[in-house]
Every structure is written in C-alpha cells, then in structure tokens.
Amino acid sequence: MLTLLRNAAVHAPAPLGLVDLLVAGERIVQLGPALPALPAAYDVHEVDLGGARVIPGLVDGHAHVTGGGGEAGVHTRVPAPTLTQWTRAGITSVVGTLGTDAETRGMAELLAQVRALRHEGMSAWCWTGGYHLPPRTFTGSLRGDIVHLEAVIGVGELAISDHRSSQPTLDELARAASEAHVAGLLTGKAGVLHLHVGNGARGLSQLAALLDATELPPRVFMPTHVNRRRALFEEAIALAQRGCTVDVTAFPVDEGEDAWHAADALERWWRAGAPRDRITVSTDAGGTLPHFDAQGNVVSYGVGDPASLLATIATLVARGHALADVLPPFTSTPAAHLRLVRKGTIAVGMDADLVVLDDACAARHVLARGRWHVRDGETVVRGTFERG
Ligand SMILES: [Zn+2]
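Numbering (my numbering), first residue to last: 1 to 388.
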C-alpha cells in the first residue's frame, strides 16, 4: 500500500513549502520536493494535490466517544458519534472520557469504543475515572488502569468547581494527581490529571494551591473548559505561566455570554503573551453542553460537535492568522502533551494522518493511518452501522 501525494503545501504545522509525501502502510516514509517516481511494479497510488494545503490530522484530547450527557434525565444520554462525524471533521486522533454519568456508563464501554474506533481506522485512547471520586476504574485503581490498560493515558475528566462534581478536597485531588503522575512515570504515557472545570467561583484556585502544596510537576494538571468564563480564562493564563497546559472547548458562545469562543480565547492567549505551547483545543463532542439555573436545573443544552475544531481553525485563518500559527493547539501541542507519539506532526516516521484542506478550510481529503477516509469531501470509509 503506497500512496504518493504530489504538490502538497504541507503545514507540519511549520510550513514546509510545496513537497511530495510518500505514504507506506500507516506511515509517512518520505517527504521532500519532487520525489523521484517509483517503479510501476510497486503499484503506487499517485495523487497530484495541485498545491492544496495539507495539515496533520487533528488531535481531539477531550471527547465523549461513547456519548455523554444525561444531566436532564436518561433520555438526554447522547448517542456515540459515528466514525464519519470524526473523519469528515478532520479528526484522526481522539481521547475519550466518561462524563457526569459514570453510573449508566463505565470504563468497559469506553475501552470497547476506543477499540471500535481503532478497528474502523482512527487512533483513539481514553482517560480513566470520570467526573467523580471515588473514581470509576476498570482495574480498581487509577494507577492500575493507566499502567495495565494500553489505551488509558491519564485520569479524567475529574470535575472541580462545579455543582456536578464530587466536591473533591485538596488532599483528594493531590492523591488523584499523584496516581496519574506515578503511572505516567511507570509507562511513558501522559500521566496527566485532566480536570473538568465548571462555572463555580472557585475556578482554578485548587490547582494553584496544589502547585504550592505538593511536589507534583505542573504538567500533571491539565484543566479543560477554561474558556467558559472570562475570569476563569485569566486564571488559566496565570496557571500556564506556572507550567500547566490548559485546554479550551470549541463550544458555541452566544452573543453577550460571559465566555470566550475558542477562536477568541486563542487570540486572547496570544495577545497576552501566554506560552503558545501550553494551550490546546478540544471538542467535548458527544457530550451535552448544558446551561443550569441557580438551583442546578438544566435550562438548555446542546451537544459538542466534532466539526467545531476545523470551524475554529477556519475562523482564525479568515481573521488573518497564518495557518502555521493557528495549528499547534489542534495538532502538535496536544500530541506532545498527551505523549501520543507519531501524532500531530507531519514528518518522516510519523503516522500518515493527513487532512487536505479546501479553500474554505474544510476537509477535502482525509487520510487516517494511511487510509483514505474522505475523498473530495465524500466519506469513503464508514462506521460499521453507518449507511452508504
Ligand atoms: Zn467536562
């Protein structure tokens, strides 16, 4: 299985100019200007991209791959997103998580869905534990799940500053973070404590206190949804200055809402001179995006959408940002922080996860692990239960 992509304007994310890419099996094996033709006997599938922009497959570090939700009753449990919802959106790597509901859902289902997505051609991993303490695990401990289960890369999404959380104390958070960190040391995995941050006024104060009170390195603490309140986002900037990597969610933001859209959050981050390599963007796809009243009742909700990442990239490019500057929070930064080797960058030896953009920054072609999933905007590989 050899594929030769000619005349690709590769953004690796760094711009490499017009190059050819040779893909063998699941990997990129050669990359450079005007690669020589291969002997016909090799049966090479050659495609001239005519100077189209090629970016790494997007890395979504926070998604409800089994479907999440359920905060307004069992009928609000969200179905699992299908394979083509990810691939059409240019997402080739995803990290799944349990959410508020770890009662009707659990780690066995999450692990099975990770394997299903891999079988269908994507790359997938997961967090262990869910929202609450004591955590939902498969082996009986957070550390055990990370050490013994190949697909588990860290602990999450453990909820803080939210009425839906288990109201974890500082000591409990320190213990959960230590399990993630030690398991990371034992395995070479991310070993990150990925924290759901709610709308509560406590914000990130517990994480700041943990940096003061423990020996745990800042990279272990990775809060998400930090763009849901504007003041919270300023706390996130301060936390990143201390060495943490933070994640923003590409959810829709209404006019006048006290939140930053992911595109606005990134611009705010860059303008503030915050560390460019310590912010990532994820979808929360398959999860509900509920709004609650003061008594904790759901007043409205939407569902996280895989398409929100490419849409955010398109927004930023339309505002005049260079594609190479926009890409890292969606590709190389999450891959590096989550230690997903061979992901997030286009280079020889990396997995052939490639998205060819059209003029509007939508996915014209998508290759995942060397296989064409989207061609000319059409899905050519579909999930097991998706109709053609
Ligand atoms: Zn969350």
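Glycine is no exception: its CB is placed at the ideal position from the N, C-alpha and C atoms.
Among the bridge pairs identified by DSSP, residue 56 is matched with 354. Three or more beta-carbon pairs separated by less than 8 Å are not found between the stretch 112-121 and the stretch 329-340, which leaves the two stretches without contact. By the criterion of at least three beta-carbon pairs nearer than 8 Å, the stretch 128-145 is in contact with the stretch 98-105. Distances from the alpha-carbon of residue 275 to those of 333, 215, 15 and 310 put 333 closest.
Here the distance from the Cβ of residue 69 to the nearest heavy atom of ligand 1 is not below 7 Å. Across the structure, residue 345 and residue 176 are spaced so that their CA atoms are roughly 31 Å apart. In the DSSP secondary-structure assignment, residue 28 is bridged to 23.
Contact between residue 180 and residue 197 fails: their C-beta atoms lie close to 16 Å from each other, not under 8 Å. Residue 290: member of the beta strand (DSSP E) spanning 288-292, first to last residue.
Annotation: the stretch 268-339 contains the following complete segments of the alpha helix (DSSP H) (minimum length 4 residues), in chain order: 308-318, 323-326 and 332-337.
Of 1, 34, 80 and 56, the smallest CA-CA separation from residue 43 is found for 1. Where residue 44 is concerned, the enclosing beta strand (DSSP E) starts and stops at 44-48. In the three-state scheme derived from DSSP, where H, G and I count as helix and E and B as strand, residue 162 is classed as coil.
The alpha carbon of residue 311 has as its nearest neighbour, out of 264, 302 and 354, the alpha carbon of 264. Closest in alpha carbon position to residue 359, among 172, 314, 385 and 331, is 314. One alpha carbon belongs to residue 48, the other to residue 8, and they sit about 8 Å apart. Just measuring C-alpha positions, the residue of 4, 154 and 11 sitting nearest residue 34 is 4. The bridge partners DSSP lists for residue 123 are 93. Contact annotation: residue 143 and residue 357 have beta-carbon atoms that are not nearer than 8 Å.
Note: residue 129 is bridge-paired with 136 and 156 in the DSSP secondary-structure output. Apart from the 5 residues on each side of it in sequence, residue 163 sits with its Cβ closer than 8 Å to the Cβ of 198, 200, 292 and 296 in its chain, given in chain order. Taking 8 Å as the upper bound for CB-CB distance, residue 352 and residue 26 are in contact here, some 6 Å apart.
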